[in-house]
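Below: one structure, written as structure tokens.
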Amino acid sequence: MRSRSTHSQSMRSDIYLLLATLLRDVPSAELCSFLAELEFEANGTEMAKAWQAISAAAHNAQADSLADEYQALFIGIGRGEVVPFASWHLTGSLMEKPLAEIRDDLSRLGLERDEQVREPEDHISALCEAMAYLCEQSSDENADEQTQQSFFNRHIAPWFGKLVSQIRQAPHAQFYLAVAQLLDAFLSLEQVAMTQAPSSRKNRYRIELKNLTDKAEQ
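Numbering (this note's numbering), first residue to last: 6 to 223.
Here it is as structure tokens:
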């Protein structure tokens, strides 16, 4: 049986992977079906509201509309309505110093971009995947939560709020309004937790969800 802290790390990893999947590409019909059937505690917290919103959005999602929305938001003609890259939000340009710093830190962690992935490593999905990996490492007994704290505070905390605002203001955002709500609620919790000493973060918050599994990766 998993300890509570190990379960929390695994749940955090699953949520990071879910966000990475939703922001990397158009969500599949299988993933939408899974999200539509989420079981969560409706207790009024921001996370509970976010789960409710994304479950409802997935229930109402249509494949063609989702594909068109993703195209308008993240691809577009020349550029989409949303730019999911750290460099853009921190410097106003792509492929700038924040990307180089992320690559350096990923290299130190023994991570590198898959050759089949076109987007640079400062894409929000890549950063969420890196955090998921670090959470899974902490699920082992060799946890170094200072690494999580450093990576999050350096590469996600400074700009995720700008990304959330950009999605919310995007003219074509519908399903992704719920994704932005989940992104904001979860990363805001993470941001608060990452200001604490690692030893005090073991039971830092509850994630009100009952059936999130690695199905999010499929």
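For glycine and all other residues, C-beta sits at the position ideal for the given N, C-alpha and C. In this text the structure is predicted, and so the values were computed from the model without any measurement.
* Residues in its own chain within less than 7 Å of residue 63 by CB, not counting five upstream and five downstream? -> As a working note, residue 63 is residue 58 in the sequence shown. Within the same chain, residue 63 has close Cβ partners 37, 40 and 41.
* To do: Quick one: grab the DSSP three-state call for residue 84.
  => For this step, residue 84 is matched to residue 79 along the sequence shown. Of the three classes helix, strand and coil, the one that applies to residue 84 here is strand, per DSSP.
* Measure the C-alpha to C-alpha separation of residue 111 and residue 14 and round it to an integer number of angstroms. => Taking the first residue of the sequence shown as position 1, residue 111 is located at position 106. Taking the first residue of the sequence shown as position 1, residue 14 is located at position 9. Distance between the alpha carbons of residue 111 and residue 14: 20 Å.
* **Which of helix, strand or coil DSSP assigns to residue 12** => The residue you call residue 12 lines up with position 7 of the sequence shown. Note: residue 12 maps to helix in three-state DSSP.
* What residues in its chain sit with their C-beta under 7 Å from that of residue 135, if we drop five residues either side in the sequence? -> Residue 135 sits at position 130 when you count from the first residue of the sequence shown. Close CB contacts of residue 135 within its chain, under the 7 Å cut and outside five residues either way in sequence, are with 111, 116 and 156 (chain order).
* Which of helix, strand or coil DSSP assigns to residue 64 -> Start at 1 with the first residue of the sequence shown, and residue 64 comes out as number 59. Residue state for residue 64 is assigned as helix, using DSSP reduced to three classes.
* When you compare only the Cα positions, how much space is there between residue 74 and residue 33? -> The sequence position of residue 74 within the sequence shown is 69, counting from 1. The sequence position of residue 33 within the sequence shown is 28, counting from 1. When rounded, the distance between both Cα atoms is 14 Å.
* To do: Flag this pair as yes or no: are the beta carbons of residue 24 and residue 130 separated by less than 9 Å?
  => Here residue 24 is taken as the residue at index 19 of the sequence shown, counted from 1. Here residue 130 is taken as the residue at index 125 of the sequence shown, counted from 1. The Cβ atoms of residue 24 and residue 130 lie closer than 9 Å to each other.
* Asked: How about residue 161 and residue 195: do their beta carbons lie closer than 9 Å?
  -> For this step, residue 161 is matched to residue 156 along the sequence shown. For this step, residue 195 is matched to residue 190 along the sequence shown. Cβ distance < 9 Å, so residue 161 and residue 195 count as in contact.
* Asked: Excluding the five sequence neighbours on either side, which residues of its own chain have a C-beta within less than 6 Å of the C-beta of residue 104, listed in chain order?
  -> Here the question's residue 104 lines up with position 99 in the sequence shown. Once the five neighbours on either side are set aside, the close Cβ partners of residue 104 are 92, 125 and 127.
* Asked: For residue 106, which residues of its own chain have a beta-carbon under 8 Å away from its beta-carbon, when the five flanking residues on both sides are left out?
  -> Stepping through the sequence shown from its first residue, residue 106 is reached at position 101. Correct list, in chain order: 159 and 160.
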